[in-house]
Amino acid sequence: MSNLQNPPTLNSLSPLGFWDGALGALARELSPQQFKTWIQPLSLVSYDESEQSLILGAPNRFKLDWIKKTFSDRLQEMADEYFGHPITLSFVLNIEGSSAQSPEINPPPQDKFEPQEVLMGSDNSSTEEQSFEIEDHSKLNPNLTFETFVTGKANQLARAASIQVAHNPGTSYNPMFLYGGVGLGKTHLIHAIGNHLLKEKPNARIRYIHAEQYVSDVVRAYQQKAFDRFKRYYHSLDLILIDDIQFFSGKSRTQEEFFYAFEALLSNKAQVIITSDTYPKEMAGIDDRLISRFDSGLTVAIEPPELEMRVAILMKKAQSEGIPMSEDVAFFVAKHLRSNVRELEGALRKILAFVRFHGKEVTIDVARVALKDLLSIQNRQISVENIQKAVADFYSIKVADMYSKKRPANIARPRQIAMFMAKELTQKSLPEIGELFGGRDHTTVLHAVRKIGEERSHDGQLNHEIHVIEQTLKS
Ligand code: ADP
Ligand code: MG
Numbered sequence: 215m216s217n218l219q220n221p222p223t224l225n226s227l228s229p230l231g232f233w234d235g236a237l238g239a240l241a242r243e244l245s246p247q248q249f250k251t252w253i254q255p256l257s258l259v260s261y262d263e264s265e266q267s268l269i270l271g272a273p274n275r276f277k278l279d280w281i282k283k284t285f286s287d288r289l290q291e292m293a294d295e296y297f298g299h300p301i302t303l304s305f306v307l308n309i310e311g312s313s314a315q316s317p318e319i320n321p322p323p324q325d326k327f328e329p330q331e332v333l334m335g336s337d338n339s340s341t342e343e344q345s346f347e348i349e350d351h352s353k354l355n356p357n358l359t360f361e362t363f364v365t366g367k368a369n370q371l372a373r374a375a376s377i378q379v380a381h382n383p384g385t386s387y388n389p390m391f392l393y394g395g396v397g398l399g400k401t402h403l404i405h406a407i408g409n410h411l412l413k414e415k416p417n418a419r420i421r422y423i424h425a426e427q428y429v430s431d432v433v434r435a436y437q438q439k440a441f442d443r444f445k446r447y448y449h450s451l452d453l454i455l456i457d458d459i460q461f462f463s464g465k466s467r468t469q470e471e472f473f474y475a476f477e478a479l480l481s482n483k484a485q486v487i488i489t490s491d492t493y494p495k496e497m498a499g500i501d502d503r504l505i506s507r508f509d510s511g512l513t514v515a516i517e518p519p520e521l522e523m524r525v526a527i528l529m530k531k532a533q534s535e536g537i538p539m540s541e542d543v544a545f546f547v548a549k550h551l552r553s554n555v556r557e558l559e560g561a562l563r564k565i566l567a568f569v570r571f572h573g574k575e576v577t578i579d580v581a582r583v584a585l586k587d588l589l590s591i592q593n594r595q596i597s598v599e600n601i602q603k604a605v606a607d608f609y610s611i612k613v614a615d616m617y618s619k620k621r622p623a624n625i626a627r628p629r630q631i632a633m634f635m636a637k638e639l640t641q642k643s644l645p646e647i648g649e650l651f652g653g654r655d656h657t658t659v660l661h662a663v664r665k666i667g668e669e670r671s672h673d674g675q676l677n678h679e680i681h682v683i684e685q686t687l688k689s
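Letter 205 of the sequence shown, counting from 1, is numbered 419 in our numbering, and no numbers are missing.
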């Protein structure tokens, strides 16, 4: 845990041990999307043994509030259980790049600057300046290449566009905007573009950056009055890969800086590649002029993988781990795990660990045992993501429309049906469902649940449709 200032001594009950265990448990209890959104961004800030207190940090105020409200009871329970006695658990704002120990600081009133962006203290030390400079390398993961990316219907367009851009950066599709749900391969694809270009032009100035990191860089530049350096660096790149740009939402100073960078890069014929969880026009909290820039190049979607592609991914990854998986085993696993590639990788890791440990061959029975927990959860609880996909498939709309703000009836109605089914078939609360449908208010979900529930009782056709979707989900 990089944010932990005082690494614990190695006894059996360490805060790291607790945090590891808690992450593992929550990964099993929550949907991958929830885990990624709320739990993964948390970090262990400090642990005081004499006071028996543990502090967890959230990256922004919105997450902080939500995590406190939704997960603090569960985390408290796990902490008490792990340490064997009551622990004082608290939560603070902890923005990457700021002093990890600093407790919540109230933002000074500042024109145009969003609170999250200035919640940084005013540390002006030389180490901070150095870290600003150190960021000057590509940050590409060499394993994420086109060669290791499996293609199928769901991603062939995105892949084709990426290859095109990798071959002709800065010319044809600029910017390239890639959008899709969690765990579908967006980050993988943009690293592949970067790696390809790096191989062809080793001197190209390439940078992969997650949008949250860019926000931190803006804040640091602001604190250190280093905007010149900031601009010199970002405006001089040949290729910028900026991931999960939805994190710019509401951060107007960051958006302004990015707008300048964007204009400078495009006029230098540098390539800009952006990913997001939704398409430009549907992004909330982003300045209109940026949205229109995002949409001015090529916008491509990446969809959830279909069955055959999930099978191919499992087989390819198993092969590359040196433990081949037969097609029937891969089908067995892929049929049960439907939402995204990250989930498939998790399942594969479990199977491989099991096989290595017990010295067995990979068979369906072995897979069934190794994935016991996963499969029973999947069977008992259908996930909201699966419902969204099944409903979108049934009514031939895009999965992205489930989280979009669009309101035409041909989209709004399936979305309401999906919300209704999410309430019926999962354990999720109305606010949680609203969150998974693009951050909608719980009253919107409630309205949908009531409306569809009422209609269903006298509309035979609707009742039948819901029934059919339910069957596909349970099969
Ligand atoms: P996203 O950025 O869309 O959330 P990632 O790119 O992080 O998703 O993908 C999640 C995991 O799944 C990564 O380990 C990635 O390598 C893998 N992955 C996704 N799509 C594919 C694919 N088509 N072929 C092989 N691996 C994939
Ligand atoms: Mg990603």
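C-beta atoms are modelled at their ideal positions from N, C-alpha and C, and glycine is treated no differently.
Source: prediction; values computed, not measured.
Neighbour flag for residue i against chain D, beta carbons, 9 Å
i: Val259; result: Absent from the structure is chain D; it holds one protein chain and no more.
Best match in the options for proximity to residue i [C-alpha to C-alpha]
i: Lys459; options: Asn274, Tyr428 and Asp452; result: Checking the sequence shown, residue 459 turns out to be Ile, not Lys. It is Tyr428 whose Cα lies nearest to the Cα of Ile459.
i: Glu535; options: Gln685, Glu559, Ala406 and Glu517; result: Glu559
i: Phe391; options: Gly397, Thr385 and Ile404; result: Ile404
i: Pro628; options: Val613, Tyr422 and Lys642; result: Val613
i: Leu258; options: Thr359, Phe305, Glu684 and Ser481; result: Phe305
i: Lys665; options: Ile631, Arg654, Ile683 and Ser264; result: Ile631
i: Val396; options: Gly652, Leu562, Val659 and Gln485; result: Gly652
i: Arg582; options: Ala236, His550, Asp655 and Val598; result: His550
i: Asp509; options: Val486, Asn482, Met529 and Lys530; result: Val486
i: Ser481; options: Leu451, Asp457 and Leu278; result: Leu451
i: Trp252; options: Leu289, Lys574, His672 and Glu669; result: Leu289
i: Leu183; options: Ala475, Ala544, Val514 and Glu496; result: Residue 183 falls outside the range modelled here, since the chain spans only 215 to 689, and no answer is possible.
i: Met292; options: Asn382, Ile647, Leu237 and Val576; result: Leu237
i: Ile596; options: Pro255, Leu244, Glu668 and Ala526; result: Leu244
i: Lys688; options: Phe462, Arg552 and Ser286; result: Arg552
i: Lys465; options: Leu371, Arg275, Ala372 and Thr401; result: Arg275
i: Ala478; options: Phe571, Leu453, Ser352 and Pro519; result: Leu453
i: Ser264; options: Thr284, Ala239 and Phe297; result: Phe297
i: Ala425; options: Ile488, Leu256, Lys574 and His681; result: Ile488
i: Val547; options: Ile516, Arg570, Leu303 and Asp579; result: Asp579
i: Asp457; options: Tyr387, Lys353, Ile537 and Pro518; result: Lys353
i: Val663; options: Met633, Ala515 and Glu575; result: Met633
i: Leu230; options: Leu240, His402, Gln248 and Tyr261; result: Tyr261
i: Phe476; options: Asn388, Ile420 and Ala498; result: Asn388
i: His449; options: Ser463, Phe461, Ser267 and Arg419; result: Arg419
Residue interval of the beta strand (DSSP E) (run including residue i)
i: Met390; result: Met390 to Tyr393
i: Asp457; result: Leu453 to Asp457
i: Leu512; result: Leu512 to Ala515
i: Thr492; result: Here Thr492 belongs to no beta strand (DSSP E), and DSSP marks it neither H nor E.
i: Arg446; result: Careful: Arg446 lies outside any beta strand (DSSP E), inside the alpha helix (DSSP H) at Phe441 to His449.
Residue i: CB within 8 Å of a non-hydrogen atom of ligand 3
i: Ile407; result: The ligand content of the structure shown is limited to ligand 1 and ligand 2, which means ligand 3 is not among them.
Boundaries of the alpha helix (DSSP H) in which residue i is found, first to last residue
i: Ile601; result: Val598 to Phe608
i: Tyr428; result: Ala425 to Gln437
i: Thr468; result: Ser466 to Ser481
i: Lys353; result: Segment: none, Lys353 is in no alpha helix (DSSP H) and carries neither H nor E.
i: Ser463; result: That residue, Ser463, is in no alpha helix (DSSP H); it is neither H nor E in DSSP.
i: Met616; result: Careful: Met616 lies outside any alpha helix (DSSP H) and carries neither H nor E.
i: Arg570; result: Val555 to His572
i: Gly674; result: Gly674 to Lys688
i: Asp502; result: Asp502 to Phe508
i: Ala548; result: Glu541 to His550
i: Glu693; result: Look at the range of the chain in this structure, 215 to 689, and you will see that residue 693 is not part of it.
i: Val583; result: Ile578 to Ala584
* Length-filtered (4 minimum) alpha helix (DSSP H) runs lying within the stretch 622-670 -> 623-639 and 644-650
Notebook entry, point to check: Fully enclosed by the stretch 244-305, which beta strand (DSSP E) runs are 3 residues long or longer?
Noted result: 257-262 and 267-272
Using a strict less-than 7 Å threshold between each residue's beta carbon and the heavy atoms of ligand 2, what residues do you get?
Lys400, Thr401, Asp457, Asp458 and Thr489
**OP:** Say whether the stretch 428-437 touches the stretch 468-475, bearing in mind that this needs 3 or more beta-carbon pairs closer than 8 Å, one atom from each stretch.
**Re:** yes
Do the stretch 634-641 and the stretch 614-622 touch if we need at least three Cβ pairs shorter than 8 Å? no
- Task: Scan the stretch 357-410 and note each continuous beta strand (DSSP E) run of 3 residues or more that stays entirely inside, going in chain order.
- Result: 390-393
| message | Measuring CB atoms only, is the stretch 348-366 touching the stretch 496-506, in the sense that at least three cross pairs come out at less than 8 Å? | response | no
**Asked** With contact counted as at least three CB pairs below 8 Å, one residue from each stretch, are the stretch 397-416 and the stretch 539-557 in contact?
**Response** yes
### Any 3 or more C-beta pairs closer than 8 Å across the stretch 561-581 and the stretch 595-604
no
Three Cβ pairs or more, each shorter than 8 Å: is that satisfied between the stretch 375-389 and the stretch 432-448? no
Query raised in the report: Would you call the stretch 352-361 and the stretch 407-418 in contact, with 3 or more CB pairs under 8 Å?
Result: yes
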